[in-house]
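So the sequence shown is numbered by this note's numbering: it starts at 1 and just counts up by one.
Before any comments, here is the structure.
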Amino acid sequence: MARIVEGGLALVVDEGRRRGDLVALARSASPTGVNAMLAHGRGLVAVAMTADRRDRLELATMPGTSTPASIEASSGVTTGISAADRALTIRTAADPAAGPGALISPGHVIPLVAAAGGLLSHRGRVEAAVDLARLAGSPAAAICEVLDETGALAEPAAIAALGVRIGAPLTTLAAIAERRVELAIGDW
């Protein structure tokens, strides 16, 4: 937990589905952190949040669905694709002062919405990222699925090796859920 609170990356493994994600606190998203996610995770960098956060931001949805459309900070970005621009968008999504109009669509960051109740109601990667962020005092997390050199989902052994190589601690969905139970955090 200390590493992520300090602005670093952590690896979260979904032991049931045998896949993993690089996770960072959204409020601490930096160009260096986003670039590290892209270089080491190789997946899509997204921002995971609660439904309450999505509703407060009044995020637009993709036509005909309830899925939020891609987002971008409404000010302070250039093209939106740079690591700096994506970091700003992720930080904006987590900013408690941000409300409607702080983010626009379309953009270069995908918002992912966790199920109500987090890991205690649904065992998923988005819920794990949001629960980990909330345990660290942040309403949202930057998340990037880890792919291997071929572009396929990385296996747990490769994810563990990545953690050692980049100095990112590894945790599991079960460990995050257990921590919530230990702290008697029921519903968020």
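Yeah, the Cβ is synthetic: ideal placement off N, Cα and C, and Gly gets one too.
Going by CA-CA distance only, name the one from Ala174, Arg56, Ala184, Gly20 that's closest to Arg42. The option with the nearest alpha carbon to Arg42 is Gly20.
I'd like the list of long-range same chain contacts for Ser121, defined as Cβ closer than 7 Å, with 5 residues on each side in sequence excluded. Answer for Ser121: Ala115, listed in chain order.
Using only the alpha-carbon positions, how far apart do Pro68 and Ile110 sit? The alpha-carbon atoms of Pro68 and Ile110 are separated by roughly 8 Å.
Tell me the rounded alpha-carbon separation between Gly7 and Asp14. Cα to Cα, Gly7 sits roughly 22 Å from Asp14.
Nearest by alpha-carbon distance to Val23: which of Gly80, Asp85, Ala128, Arg91 is it? Ala128
Proximal residues to Leu59 (C-beta, below 8 Å), its chain only, five neighbours per side dropped: Within the same chain, Pro68, Ala69, Ile71, Leu103, Ser105, Pro111 come within 8 Å of Leu59 by CB-CB distance, once the 5 residues on both sides are set aside.
With Arg165 as the anchor, note down where its alpha helix (DSSP H) starts and where it stops. 156-166
Short Cβ contact (8 Å threshold) for Arg91 with Ala26: Against a cut-off of 8 Å, the Cβ pair of Ala26 and Arg91 comes out as a contact.
Could you say which of Ala98, Ala73, Arg134, Val130 lies nearest to His108 if we only look at CA atoms? Ala73
Mind checking Arg189: buried by the 16 CB within 10 Å criterion, or exposed? Absent from the model: residue 189. The displayed extent of the chain is 1 to 188, so no value can be given.
Endpoints, alpha helix (DSSP H) assigned at Leu57: 51-57
For Ala94 and Ser138, believed in contact at Cβ under 8 Å, the rounded distance: Yes, they are in contact, since the Cβ atoms of Ser138 and Ala94 sit about 6 Å apart, within 8 Å.
So who's on the other strand from Pro111, going by DSSP bridges? Val47
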